[in-house]
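First comes the structure, then the notes that go with it.
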Amino acid sequence: MCGRYYFDIDEKELKEIVEEAQNNINKDFITGEIYPTNTAPIITAQGTTLAKWGFPKWDGKGSIINARVETLGERKMFKNLINSNRCIVPASAYFEWKIISETSKLKNKYIIRKPNSILYIAGLYNSFKNSNEQLSIFDDTSIETMQYTIITKKANTSVSYIHDRMPLIFNKKEMHAYLHGEDLNALLNNNNVILEYAIF
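Taking the working numbering, the leading residue of the sequence shown gets 1, the next gets one more, and so forth.
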């Protein structure tokens, strides 16, 4: 799974992504450690924008922050988005936790990166009505917000020591292919990203 990631505004490529997002939409967002429900940059086939991390659950309690690649076509929330609403979540790294003591439930927090590259994490986006946003007196009673979820897959050997799931991460060429509709299964078959990790 992926429950938190890191966005370093000082990295050149991420800085350029931020500048494009700010040109497209005037909205505040957080850099550094990104938590579920935070607003952060995403890349779509139409360009870079800002969106909120997590789809609302059907009962209104909590957010769906991850989507398993193996069941995308079966889940009502995701199956109609696979071909039309793809996005990339750019990040410097992501975080994962590993239990080091079953009795005390102590955990180590790991930071996981791709050597010499930012992460291009596969995701899906959609727009949802949100009546809880702060509105001006001139606005309607509800507002549509763009929200995204991160696609996960079975962890490969470079990170399976820490967790059995990982985000679906592309290189730059694969990112463009994903955004422009290439078959997801074909991309998965060639997905061999190697990551490195350290205790954070």
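For every residue, glycine included, the Cβ atom is placed at its ideal position computed from N, Cα and C.
Annotation: the continuous alpha helix (DSSP H) that includes Gln-22 extends over 12-24. Under the DSSP assignment, Leu-106 falls in the beta strand (DSSP E) whose first and last residues are 106-113. Scanning the region 156-197 for uninterrupted alpha helix (DSSP H) segments of 4 residues or longer gives 172-179, 184-189, listed from N- to C-terminal end.
The beta carbons of Ile-25 and Asn-38 sit about 15 Å from each other, so the pair does not count as a contact at 8 Å.
Around the beta-carbon of Trp-58, fewer than 16 other beta-carbon atoms lie within 10 Å, marking it exposed. Put simply, the region 47-63 does not touch the region 97-116. Fewer than three CB pairs are less than 8 Å apart. Residue environment analysis places Phe-128 among the exposed positions, since fewer than 16 neighbouring C-beta atoms fall within 10 angstroms of its C-beta. In this structure, DSSP gives Phe-78 a helical state, which the three-state scheme calls helix.
Counting other Cβ atoms within 10 Å of its Cβ, Ile-9 stays below 16 and is therefore classed as exposed.
A straight-line Cα-Cα distance of about 11 Å links Leu-188 and Glu-182.
Annotated three-state conformation of Thr-103 is coil, per DSSP.
Non-local C-beta neighbours of Cys-2 in its own chain, meaning closer than 7 Å and more than five positions away in sequence, comprise Asn-66, Tyr-94, Ile-150, Thr-152, Pro-167, ordered along the chain. The three-state secondary structure of Thr-44, taken from DSSP, is strand. Annotation: Arg-86 to Thr-44 spans about 6 Å, alpha carbon to alpha carbon.
Shown here, Thr-37 sits in coil according to DSSP, grouped into three states, outside any helix or strand. Under a 10 Å Cβ-count criterion, Lys-52 is classified as buried, with 16 or more other Cβ atoms of the shown protein chains found around its own Cβ.
Within the DSSP bridge table, the entry for Val-69 names no partner. Excluding the 5 residues flanking it on each side, Ala-21 has same chain C-beta neighbours closer than 7 Å at Pro-41, Thr-48, Thr-49, Leu-50, in chain order.
Apart from sequence neighbours up to five positions away, the residues of its chain that approach Tyr-197 with a beta-carbon distance below 7 Å are Tyr-110, Ile-111, Ile-112, Val-159, Ile-162, ordered along the chain. Excluding its 5 nearest sequence neighbours in each direction, Phe-78 has C-beta neighbours in its own chain below 7 Å: Ala-67, Leu-72, Leu-124, listed in chain order.
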